[in-house]
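*Asks:* Here it is: the structure, laid out below.
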Ligand code: SF4
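Numbering (my numbering), first residue to last: 1271 to 1622.
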């Protein structure tokens, strides 16, 4: 921390560092790191929570699937509590008879499809490059085993295009990025190199313990102070520059890039993953009759979009801590364990 204090003083101006990983957000709060930073160094949360960035349109389609008589929707737990317009959620749909099962992994959903051959099991594929290889693996396995009753409704996202979109929007000044450790463990450090090269903004790939984040923040401040920008890798024990070749091969065999809609950021070219044509029978979006959903307004006063872009802190939302709490969430960012609103509520209601 002494290095950070010295560098912050030498830089002599406010510095805004964005973390784009929900685990970093939680770790920084849980450890008290934010409160230890000099006042001039501010961490802002970006679109790093996978549940938070999943748009309402996807959830409404998932609810429609879960209400089909022979379909079971399998999903990670956080997603079932996300309210869409009128406060409706997968949890509420389940209370009204829709078939929604919480699983711990896509492999559990695949096993469920094998156990219940008379039902179509649809796994909700959300998340970043971290979870996409496991979902791709289930698609490959379903194909290899001839499993005809397994599908994936895909809303996977990739992080580098979203970081580019944030920089192009220029809505928030960002002096450096703490790059996501989990995503980087899969994709490596190269996909972030466009950020220093094209935008002159330094990046540091960080691990998840407080000392990791402190070291990565010091790396960023060093670069800002020296007026240089590159991608530095603090998380060398988990991240190789080239990523995980095996995971990338599995992911790329079943999934390919596509445009994707993000909550709060809109449609970002090339920022999603979809199932390749060779496996289209496992793509719920193509193999099943889905309702076409127009743009959805969501809960009107919820400011999740602005929170995810780093434009406001959760305390800037009029519902924060009043009608919106983890017990009664009004938006995705208060539901997810990695959401910025949940983190601010649990750990830092007095820290800005
Ligand atoms: Fe949405 Fe609640 Fe966060 Fe406000 S506090 S932005 S309503 S999740």
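Glycine residues also receive a C-beta, built at the ideal position from the N, C-alpha and C atoms.
1. Excluding sequence positions up to five away, which residues of its chain have a Cβ less than 6 Å from the Cβ of residue 1395?
2. Going by C-alpha distance, which of 1503, 1498 and 1545 is nearest residue 1520?
3. Between the region 1471 to 1484 and the region 1435 to 1452, do three or more beta carbon pairs fall short of 8 Å?
4. With three or more C-beta pairs closer than 8 Å as the rule, is the region 1306 to 1315 touching the region 1341 to 1350?
5. In the DSSP output, what is residue 1427 paired with across the bridge?
6. Taking the alpha-carbon of residue 1536 as reference, which of 1431, 1279 and 1330 has the nearest alpha-carbon?
7. Going straight from the alpha carbon of residue 1464 to that of residue 1606, what length do you get?
8. Should residue 1531 be labelled buried (16 or more other beta-carbon atoms within 10 Å of its own) or exposed?
9. For residue 1347, report the span of its alpha helix (DSSP H) as first-last.
10. Taking one C-beta from the region 1549 to 1560 and one from the region 1495 to 1505 each time, how about it: are there three or more such pairs within less than 8 Å?
11. Does the beta-carbon of residue 1621 have 16 or more other beta-carbons within 10 angstroms, so that it is buried, or is it exposed?
12. So residue 1395 is in the beta strand (DSSP E); what residue range does that whole segment cover?
13. Looking at ligand 1, does it come within less than 6 Å of residue 1647, judged from the CB to the closest heavy atom?
14. Let me check understanding here. Comparing Cα to Cα, which of 1518, 1524, 1280 and 1514 lies closest to residue 1308?
15. Does the distance from the CB of residue 1383 to the CB of residue 1417 come in under 7 Å?
16. Which term fits residue 1299, buried or exposed, when burial requires 16 or more other beta carbons within 10 angstroms of its beta carbon?
17. Which full runs of the beta strand (DSSP E) of 3+ residues lie inside the region 1466 to 1517, going along the chain?
18. According to DSSP, is residue 1421 helix, strand or coil?
19. Using 7 Å as the threshold, is the C-beta distance between residue 1543 and residue 1355 below it?
20. Rounding to the nearest angstrom, what Cα-Cα distance links residue 1504 and residue 1485 in this structure?
21. Is there contact between the region 1360 to 1378 and the region 1319 to 1335, where contact requires at least three CB pairs shorter than 8 Å?
22. Starting from residue 1314, follow the beta strand (DSSP E) in both directions and report where the run begins and ends.
23. Determine the burial state of residue 1317: buried for a count of at least 16 other Cβ atoms within 10 Å of its Cβ, exposed for fewer.
24. Closest to residue 1596 by C-alpha separation, out of 1614, 1583, 1588 and 1581, would be which residue?
25. Pull up the distance between the alpha-carbon of residue 1571 and that of residue 1594, whole angstroms please.
26. Terminal residues of the continuous alpha helix (DSSP H) containing residue 1288?
*Replies:* Once the coordinates are examined:
1. 1405, 1422, 1424 and 1426
2. 1545
3. yes
4. no
5. In the DSSP output, where bridge partners are listed per residue, residue 1427 has 1542.
6. 1431
7. 30 Å
8. Buried, because 16 or more other Cβ atoms sit within 10 Å of the Cβ of residue 1531.
9. 1347 to 1350
10. no
11. Per-residue confidence for residue 1621 stands at a pLDDT of 44, beneath the threshold of 50, marking its modelled position as unreliable; the derived number appears in the next sentence. Classification of residue 1621: exposed, given that the 10 Å Cβ count is below 16.
12. 1390 to 1397
13. This structure leaves residue 1647 out entirely; the chain is present only between 1271 and 1622.
14. 1280
15. yes
16. By the beta-carbon neighbour count (other beta carbons within 10 angstroms, threshold 16), residue 1299 is buried.
17. 1473 to 1475 and 1501 to 1503
18. strand
19. no
20. 7 Å
21. When Cβ pairs closer than 8 Å are counted between the two stretches, the region 1360 to 1378 is seen to touch the region 1319 to 1335, the count reaching three or more.
22. 1311 to 1315
23. buried
24. 1614
25. 10 Å
26. Here residue 1288 belongs to no alpha helix (DSSP H); instead the beta strand (DSSP E) covers 1285 to 1289.
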